[in-house]
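Student: Pasting a structure here, questions to come.
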Amino acid sequence: MDRIGKICSYIDKCATFADVGCDHGYCAKYAIESGLCDKVYITDISAKCLAKAEKLLAKHVASGACVPVRCDGLEGLDNDIDQALIAGMGGEEIIKILKNGFIPAKFILQPMKDAPDLRAFLIERGCKILVDDIFFDGKYYFVIKGENSGGTSLYGEKELVFGRDSLKNPTVKGYAAAEAEKRRKYLLSEMREDVREKLERQYEMYRETAENDD
Ligand SMILES: C[S@@+](CC[C@H](N)C(=O)[O-])C[C@H]1O[C@@H](n2cnc3c(N)ncnc32)[C@H](O)[C@@H]1O
190 MDRIGKICSY IDKCATFADV GCDHGYCAKY AIESGLCDKV YITDISAKCL
240 AKAEKLLAKH VASGACVPVR CDGLEGLDND IDQALIAGMG GEEIIKILKN
290 GFIPAKFILQ PMKDAPDLRA FLIERGCKIL VDDIFFDGKY YFVIKGENSG
340 GTSLYGEKEL VFGRDSLKNP TVKGYAAAEA EKRRKYLLSE MREDVREKLE
390 RQYEMYRETA ENDD
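Numbered by the working numbering, the letters in the sequence shown go through residues 190 to 403 in order.
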């Protein structure tokens, strides 16, 4: 399954859905045309990107089922939306969006980087993480599905780095092997001793995960 198909597979049936940072609008289109939601908000900080989604969803915009909003993150939305997807941006940007706006009742997040920081943030804010997995579509992606209450038992170091479900998913081995190899190569160059120690620790963790047969 491709990345868009995979993230869309996590959308639950709901009344109002928001595709935040929608760009092309494919996920919003999937949600509305699969009958997963009655109303979909498409938001983007970029007018040009939002215009692409508006074009794709023109008939739903005309019927009122799709509402385009140009805004930063969730700032232009009411906090009563049932479910939001924030995909294809960095984890730090996703954290900023959730901090400046609100944590939606249900969310699907697909960070391009800084996933450990995002996991730590969600746990610290008392969110319930329902899915914290990895998939491959030309490269490795993490997907985090959850709710804004209910809490999650504390994650260990590896769970923060890889995601709790990813550690039971054989796909994580390929990711861990690639990350170990990146660090092995960095370690061939000169660097400060404290940086080397940190990289060596990371290298060992990735290598162990890549080779773990449990
Ligand atoms: C790489 S695209 C991802 C599009 C789509 N969500 C996906 O996963 O395929 C990132 C989009 O997020 C938008 N974006 C970045 N930061 C944003 C923010 N703070 N608020 C709203 N949209 C943002 C960009 O303009 C761009 O359209």
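Quick reminder that beta carbons are idealized off the backbone N, C-alpha and C, glycines included. Nothing here was measured: the structure is a model prediction, and the numbers come from that model.
Only counting runs of 3 or more residues, tell me where the beta strand (DSSP E) segments fall wholly within the stretch 224 to 311, in order along the chain.
Tutor: Runs of the beta strand (DSSP E) inside the stretch 224 to 311: 226 to 233, 255 to 259, 272 to 278, 295 to 300.
Student: When the Cβ atoms of the stretch 323 to 333 are set against those of the stretch 191 to 200, are three or more pairs found closer than 8 Å?
Tutor: Flag = yes, the stretch 323 to 333 and the stretch 191 to 200 touch.
Student: What do you reckon, is the C-beta of S235 under 7 Å from a heavy atom of ligand 1?
Tutor: Result yes, Cβ under 7 Å from ligand 1.
Student: In whole angstroms, what separates the C-alpha of L319 from that of K237?
Tutor: Near 34 Å, if we compare the C-alpha coordinates of K237 and L319.
Student: Report yes if the CB atom of Q391 is closer than 8 Å to the CB atom of R373, and no otherwise.
Tutor: No. Outside cutoff.
Student: Could you tell me whether the Cβ atoms of G339 and D306 are closer together than 8 Å?
Tutor: In this structure, D306 does not lie closer than 8 Å to G339 by Cβ.
Student: Measure from the alpha carbon of C211 to the alpha carbon of each residue in D303, A294, A240, then state which is nearest.
Tutor: Looking at the Cα atoms, A240 is the closest of the given residues.
Student: What do you reckon, are the CB atoms on I275 and V209 nearer than 8 Å?
Tutor: Yes. Within cutoff.
Student: Pick helix, strand or coil for T398, following the three-state DSSP scheme.
Tutor: Note: T398 maps to helix in three-state DSSP.
Student: For the stretch 281 to 294 and the stretch 211 to 228, state whether three or more C-beta atom pairs, one from each stretch, are separated by less than 8 Å.
Tutor: No contact exists between the stretch 281 to 294 and the stretch 211 to 228.
Student: By a C-beta neighbour count over all protein chains shown, 10 Å radius and 16 as the cutoff for buried, is E282 buried or exposed?
Tutor: By the neighbour-count rule (16 or more Cβ atoms within 10 Å), E282 is buried.
Student: Since I193 is in the alpha helix (DSSP H), which residue starts that stretch and which ends it?
Tutor: Residues 192 to 197.
Student: I want to check one thing, is the minimum distance from the CB of I323 to the heavy atoms of ligand 1 below 7 Å?
Tutor: I323 Cβ: outside cutoff for every heavy atom of ligand 1.
Student: Among all the DSSP beta bridges, which residues are the ones paired with D208?
Tutor: Answer is I231, L274, bridged to D208.
Student: Determine the burial state of K334: buried for a count of at least 16 other Cβ atoms within 10 Å of its Cβ, exposed for fewer.
Tutor: Buried, because 16 or more other Cβ atoms sit within 10 Å of the Cβ of K334.
Student: What's the gap between the Cα of P257 and the Cα of D201?
Tutor: Between P257 and D201, the C-alpha separation is close to 21 Å.
Student: Report the rounded CA-to-CA distance for A367 versus I284, giving the unit in angstroms.
Tutor: Those two C-alpha atoms are separated by around 26 Å.
Student: Go to I221, then tell me how far its alpha helix (DSSP H) extends in each direction, as first and last residue.
Tutor: From DSSP, the alpha helix (DSSP H) with I221 extends over 215 to 222.
Student: By DSSP, does E336 sit in helix, in strand, or in coil?
Tutor: Looking at E336 - three-state DSSP - the assignment turns out to be strand.
Student: Measuring only the C-alpha atoms, how far is L246 from D354?
Tutor: If I take the Cα positions, the gap works out to 34 Å.
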